[in-house]
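Presented below is the structure to which this report refers.
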Amino acid sequence: MADGMHQVKLNLSVDQVFRFIRDMNNWAPLVPGYQDHVMVNDQESIWKIHGDLGVIERTVSLQVTITEWAEPTNVHFQVTTLNGTCTGEGYFKAKPITDSETEMTGFLRMQVSGIKGALVNPVLKTLLPKAGRDFTEAVAYKMQNARLVAK
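Everything in the sequence shown is counted per my numbering, starting at 9 for the first residue and increasing by one.
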(Lines of atoms letter the chains of each structure in order from A and count residues from 1; the text may use other names and numbers.)
(Lines give C-alpha, C1' and ligand atoms only; values in the text may rest on other atoms or scores of the structure.)
Protein backbone atom coordinates (compact mmCIF):
# COMPACT_ATOMS: atom_id res chain seq x y z
CA MET A 1 0.00 0.00 0.00
CA ALA A 2 1.10 3.53 -0.73
CA ASP A 3 0.42 6.36 1.67
CA GLY A 4 1.01 10.02 2.18
CA MET A 5 0.73 12.14 5.31
CA HIS A 6 1.27 15.84 5.81
CA GLN A 7 0.84 18.22 8.75
CA VAL A 8 0.18 21.95 8.72
CA LYS A 9 -0.22 24.54 11.45
CA LEU A 10 -3.23 26.80 11.09
CA ASN A 11 -4.11 30.08 12.73
CA LEU A 12 -7.59 28.74 13.40
CA SER A 13 -9.28 27.11 16.35
CA VAL A 14 -9.96 23.38 16.25
CA ASP A 15 -13.70 24.20 15.96
CA GLN A 16 -13.07 26.38 12.91
CA VAL A 17 -11.06 23.60 11.29
CA PHE A 18 -13.81 21.05 11.91
CA ARG A 19 -16.49 23.44 10.63
CA PHE A 20 -14.70 23.43 7.28
CA ILE A 21 -13.82 19.71 7.13
CA ARG A 22 -17.27 18.43 8.08
CA ASP A 23 -18.58 19.38 4.61
CA MET A 24 -17.01 17.35 1.78
CA ASN A 25 -18.07 20.05 -0.68
CA ASN A 26 -15.37 22.25 0.85
CA TRP A 27 -12.47 19.88 0.22
CA ALA A 28 -13.44 17.52 -2.64
CA PRO A 29 -12.56 20.14 -5.32
CA LEU A 30 -9.07 20.48 -3.83
CA VAL A 31 -8.01 16.89 -4.62
CA PRO A 32 -5.27 16.79 -7.29
CA GLY A 33 -6.88 15.84 -10.62
CA TYR A 34 -10.38 16.78 -9.43
CA GLN A 35 -12.99 17.07 -12.18
CA ASP A 36 -16.36 16.78 -10.44
CA HIS A 37 -18.22 15.30 -7.50
CA VAL A 38 -21.80 14.47 -6.58
CA MET A 39 -23.04 14.19 -3.02
CA VAL A 40 -25.10 11.04 -2.42
CA ASN A 41 -25.80 12.04 1.19
CA ASP A 42 -23.90 13.74 4.05
CA GLN A 43 -21.48 10.82 4.31
CA GLU A 44 -21.16 9.54 0.74
CA SER A 45 -20.10 11.12 -2.52
CA ILE A 46 -18.85 10.10 -5.95
CA TRP A 47 -15.75 11.93 -7.17
CA LYS A 48 -14.46 12.06 -10.73
CA ILE A 49 -10.64 12.32 -10.70
CA HIS A 50 -8.18 12.40 -13.59
CA GLY A 51 -4.93 10.68 -12.74
CA ASP A 52 -1.67 10.52 -14.64
CA LEU A 53 0.62 7.88 -13.16
CA GLY A 54 3.08 7.92 -16.04
CA VAL A 55 2.37 4.36 -17.15
CA ILE A 56 -1.40 4.85 -16.90
CA GLU A 57 -3.50 7.94 -17.48
CA ARG A 58 -7.23 7.79 -16.95
CA THR A 59 -10.26 9.34 -15.35
CA VAL A 60 -11.78 7.31 -12.52
CA SER A 61 -14.87 7.57 -10.38
CA LEU A 62 -14.30 7.12 -6.66
CA GLN A 63 -16.83 6.52 -3.94
CA VAL A 64 -15.79 8.44 -0.85
CA THR A 65 -17.55 7.41 2.36
CA ILE A 66 -17.12 9.09 5.72
CA THR A 67 -16.66 6.31 8.26
CA GLU A 68 -16.22 8.46 11.37
CA TRP A 69 -17.05 12.00 12.43
CA ALA A 70 -15.42 12.63 15.80
CA GLU A 71 -16.13 16.31 16.34
CA PRO A 72 -14.06 18.41 16.59
CA THR A 73 -10.87 16.47 15.91
CA ASN A 74 -11.25 13.57 13.44
CA VAL A 75 -12.84 12.78 10.09
CA HIS A 76 -12.07 9.33 8.65
CA PHE A 77 -13.09 8.17 5.19
CA GLN A 78 -12.81 5.23 2.80
CA VAL A 79 -12.15 5.52 -0.93
CA THR A 80 -13.04 2.88 -3.51
CA THR A 81 -13.19 2.94 -7.29
CA LEU A 82 -16.63 1.97 -8.50
CA ASN A 83 -15.21 -1.24 -9.99
CA GLY A 84 -13.42 -2.06 -6.71
CA THR A 85 -9.89 -2.34 -8.15
CA CYS A 86 -8.55 0.56 -6.11
CA THR A 87 -9.23 0.95 -2.41
CA GLY A 88 -8.00 3.25 0.26
CA GLU A 89 -8.63 5.20 3.38
CA GLY A 90 -7.76 8.57 4.79
CA TYR A 91 -8.39 11.09 7.50
CA PHE A 92 -8.09 14.63 8.68
CA LYS A 93 -7.06 15.07 12.31
CA ALA A 94 -7.06 18.37 14.12
CA LYS A 95 -5.00 18.86 17.26
CA PRO A 96 -5.41 22.11 19.18
CA ILE A 97 -2.14 23.89 19.92
CA THR A 98 -3.76 26.94 21.53
CA ASP A 99 -7.29 28.35 21.45
CA SER A 100 -6.51 29.96 18.08
CA GLU A 101 -3.95 27.54 16.58
CA THR A 102 -4.44 24.01 15.33
CA GLU A 103 -2.20 21.36 13.83
CA MET A 104 -4.04 19.53 11.05
CA THR A 105 -2.86 16.21 9.65
CA GLY A 106 -4.05 14.88 6.31
CA PHE A 107 -3.49 11.20 5.52
CA LEU A 108 -4.30 9.02 2.51
CA ARG A 109 -3.50 5.35 1.81
CA MET A 110 -4.31 3.66 -1.52
CA GLN A 111 -3.79 0.28 -3.16
CA VAL A 112 -4.61 -1.05 -6.61
CA SER A 113 -5.42 -4.75 -6.92
CA GLY A 114 -5.24 -7.12 -9.89
CA ILE A 115 -2.81 -7.10 -12.78
CA LYS A 116 -2.57 -3.31 -12.92
CA GLY A 117 -1.61 -3.23 -9.26
CA ALA A 118 1.84 -4.61 -10.04
CA LEU A 119 2.47 -1.62 -12.32
CA VAL A 120 0.58 1.08 -10.46
CA ASN A 121 1.39 0.45 -6.77
CA PRO A 122 5.14 1.23 -7.08
CA VAL A 123 4.26 4.48 -8.88
CA LEU A 124 1.68 5.31 -6.19
CA LYS A 125 4.37 4.91 -3.52
CA THR A 126 6.31 7.68 -5.24
CA LEU A 127 3.40 9.99 -6.10
CA LEU A 128 1.06 9.68 -3.12
CA PRO A 129 3.27 11.51 -0.59
CA LYS A 130 3.42 14.57 -2.88
CA ALA A 131 -0.28 14.37 -3.73
CA GLY A 132 -1.11 14.09 -0.01
CA ARG A 133 1.07 17.11 0.77
CA ASP A 134 -0.43 19.16 -2.07
CA PHE A 135 -3.97 18.23 -1.03
CA THR A 136 -3.42 19.01 2.65
CA GLU A 137 -1.76 22.34 1.77
CA ALA A 138 -4.65 23.23 -0.56
CA VAL A 139 -7.20 22.42 2.16
CA ALA A 140 -5.22 24.49 4.67
CA TYR A 141 -5.00 27.46 2.29
CA LYS A 142 -8.69 27.33 1.45
CA MET A 143 -9.60 26.91 5.11
CA GLN A 144 -7.52 29.90 6.16
CA ASN A 145 -9.35 32.02 3.56
CA ALA A 146 -12.88 30.62 3.87
CA ARG A 147 -15.78 32.56 5.28
CA LEU A 148 -17.00 29.36 6.97
CA VAL A 149 -14.27 29.58 9.55
CA ALA A 150 -14.43 33.34 10.05
CA LYS A 151 -14.29 34.35 13.69
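Each residue gets a CB set at the ideal place from its N, CA and C atoms; glycine is no exception. Quick caveat, the model's predicted, so the values are computed rather than measured.
Beta-carbon spacing of residue i, residue j below 9 Å
i: Gln71; j: Ile57; result: no
i: Gln15; j: Thr144; result: yes
i: Leu20; j: Glu79; result: no
i: Gly96; j: Arg117; result: yes
i: Phe115; j: Lys101; result: yes
i: Gly140; j: Asp11; result: yes
i: Asn129; j: Met9; result: yes
i: Lys17; j: Glu76; result: no
i: Phe26; j: Thr113; result: no
Boundaries of the alpha helix (DSSP H) in which residue i is found, first to last residue
i: Pro80; result: Taken as a continuous stretch (DSSP letters only), Pro80 belongs to no alpha helix (DSSP H), as it is neither H nor E.
i: Gln24; result: Val22 to Ile29
i: Asn49; result: Neither: Asn49 is in no alpha helix (DSSP H) and is coded neither H nor E.
Cutoff 7 Å; reference residue i; Cβ partners in own chain excluding five residues on either side
i: Ser53; result: Met32, Ala36, His45, Val46, Met47 and Val72
i: Pro40; result: Ala139, Asp142 and Phe143
Residues that residue i bridges to, as DSSP identifies them
i: Gln152; result: Paired residue(s): none; Gln152 is not in a bridge.
i: Pro137; result: None, per the DSSP bridge assignment.
i: Gln71; result: Ile54 and Thr88
i: Pro104; result: Thr110
i: Asp142; result: Beta-bridge pairing links Asp142 to no other residue.
Same chain, Cβ closer than 6 Å to residue i, neighbours up to 5 away in sequence not counted
i: Asn34; result: Phe28
i: Val147; result: Trp35 and Leu38
i: Gln152; result: none
i: Pro104; result: Val22 and Thr110
i: Lys133; result: Ala10
Run of the beta strand (DSSP E) containing residue i, from where it starts to where it stops
i: Met13; result: Ala10 to Leu18
i: Leu116; result: Glu109 to Val120
Rounded distance between the beta-carbons of residue j and residue i, thought under 8 Å
i: Val83; j: Arg30; result: 7 Å
i: Ser121; j: Leu90; result: Not quite, the Cβ-Cβ distance comes to about 14 Å (not below 8 Å), so this is no contact.
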